[in-house]
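Using the working numbering, you'd call the opening residue of the sequence shown number 5 and step up by one each time. Note that beta-carbon positions come from the ideal geometry of N, C-alpha and C, so glycine has one too. No experiment lies behind these values; they were computed from the predicted model shown. Below is one structure; the comments refer to it alone.
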Amino acid sequence: TATSRTVPEGVDLDALSAQFEGPFIGNNNYDLAMAIERRAQGRIDAVAFGRLFISNPDLVERLRRGIELTIAPRESYYGGGAKGYTDWPTA
(Lines of atoms letter the chains of each structure in order from A; the text may use other names.)
(Lines give C-alpha, C1' and ligand atoms only; values in the text may rest on other atoms or scores of the structure.)
Protein backbone atom coordinates (compact mmCIF):
# COMPACT_ATOMS: atom_id res chain seq x y z
CA THR A 5 0.00 0.00 0.00
CA ALA A 6 1.62 3.18 -1.16
CA THR A 7 1.67 6.29 0.97
CA SER A 8 2.29 8.71 -1.88
CA ARG A 9 0.39 9.63 -5.01
CA THR A 10 3.68 10.04 -6.91
CA VAL A 11 3.71 7.98 -10.10
CA PRO A 12 7.07 6.64 -11.29
CA GLU A 13 8.59 8.46 -14.26
CA GLY A 14 7.46 6.98 -17.55
CA VAL A 15 4.16 5.64 -16.18
CA ASP A 16 1.09 7.27 -17.74
CA LEU A 17 -2.04 6.04 -15.97
CA ASP A 18 -4.37 7.79 -18.42
CA ALA A 19 -2.67 6.07 -21.37
CA LEU A 20 -2.84 2.75 -19.53
CA SER A 21 -6.55 3.10 -18.79
CA ALA A 22 -7.23 4.11 -22.42
CA GLN A 23 -5.78 0.78 -23.61
CA PHE A 24 -7.68 -1.31 -21.07
CA GLU A 25 -11.23 -2.19 -22.09
CA GLY A 26 -12.51 -3.24 -18.66
CA PRO A 27 -13.48 -1.20 -15.62
CA PHE A 28 -10.64 0.96 -14.28
CA ILE A 29 -10.52 1.09 -10.48
CA GLY A 30 -8.56 3.89 -8.87
CA ASN A 31 -6.91 3.59 -5.47
CA ASN A 32 -3.97 4.93 -3.44
CA ASN A 33 -4.75 7.87 -1.20
CA TYR A 34 -8.09 8.82 -2.74
CA ASP A 35 -10.42 10.98 -0.71
CA LEU A 36 -14.08 11.52 -1.52
CA ALA A 37 -13.53 14.75 -3.47
CA MET A 38 -10.84 13.19 -5.66
CA ALA A 39 -12.97 10.10 -6.26
CA ILE A 40 -15.93 12.21 -7.37
CA GLU A 41 -13.73 14.40 -9.57
CA ARG A 42 -11.93 11.52 -11.29
CA ARG A 43 -15.22 9.68 -11.82
CA ALA A 44 -16.84 12.80 -13.32
CA GLN A 45 -13.85 13.17 -15.66
CA GLY A 46 -14.29 9.56 -16.78
CA ARG A 47 -10.77 8.70 -15.60
CA ILE A 48 -11.98 5.89 -13.31
CA ASP A 49 -15.03 3.65 -13.07
CA ALA A 50 -14.78 3.00 -9.34
CA VAL A 51 -12.52 3.66 -6.34
CA ALA A 52 -11.08 1.27 -3.78
CA PHE A 53 -10.73 2.86 -0.34
CA GLY A 54 -8.56 0.13 1.21
CA ARG A 55 -6.78 1.75 4.15
CA LEU A 56 -9.70 3.98 5.05
CA PHE A 57 -11.89 0.89 5.56
CA ILE A 58 -9.48 -0.46 8.18
CA SER A 59 -10.07 2.39 10.61
CA ASN A 60 -13.58 3.32 9.46
CA PRO A 61 -15.78 0.21 9.45
CA ASP A 62 -18.68 2.50 8.56
CA LEU A 63 -16.77 4.29 5.78
CA VAL A 64 -19.70 4.56 3.37
CA GLU A 65 -21.91 6.15 6.02
CA ARG A 66 -19.13 8.54 7.09
CA LEU A 67 -18.57 9.63 3.49
CA ARG A 68 -22.30 10.00 2.91
CA ARG A 69 -22.81 12.12 6.04
CA GLY A 70 -19.53 14.08 5.90
CA ILE A 71 -18.28 12.63 9.19
CA GLU A 72 -14.56 12.97 9.91
CA LEU A 73 -12.51 9.90 9.02
CA THR A 74 -10.13 8.14 11.39
CA ILE A 75 -6.64 7.52 9.99
CA ALA A 76 -5.08 4.27 11.20
CA PRO A 77 -1.40 4.26 12.10
CA ARG A 78 0.45 2.15 9.53
CA GLU A 79 1.94 -0.11 12.21
CA SER A 80 -1.57 -1.34 13.06
CA TYR A 81 -2.27 -2.78 9.59
CA TYR A 82 -0.91 -6.31 9.77
CA GLY A 83 -0.34 -8.67 12.66
CA GLY A 84 -0.43 -8.23 16.40
CA GLY A 85 -4.08 -9.00 17.10
CA ALA A 86 -7.32 -7.05 17.05
CA LYS A 87 -6.07 -3.82 18.70
CA GLY A 88 -5.85 -1.17 16.01
CA TYR A 89 -7.15 -3.51 13.32
CA THR A 90 -10.69 -4.56 14.18
CA ASP A 91 -11.51 -2.40 17.19
CA TRP A 92 -12.28 0.93 15.51
CA PRO A 93 -15.50 2.60 16.67
CA THR A 94 -18.26 3.54 14.29
CA ALA A 95 -19.65 7.07 14.13
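- Nearest C-alpha to G26 among T94, D49, A95: D49.
- Check the Cα spacing between R47 and each of E65, R66, D91, N31: the tightest is with N31.
- When the Cα atoms are used, F28 and E65 turn out to be separated by approximately 24 Å.
- Going by C-alpha positions, L36 is about 24 Å away from F24.
- If you look at D18, you'll find it in the alpha helix (DSSP H) that goes 17-23.
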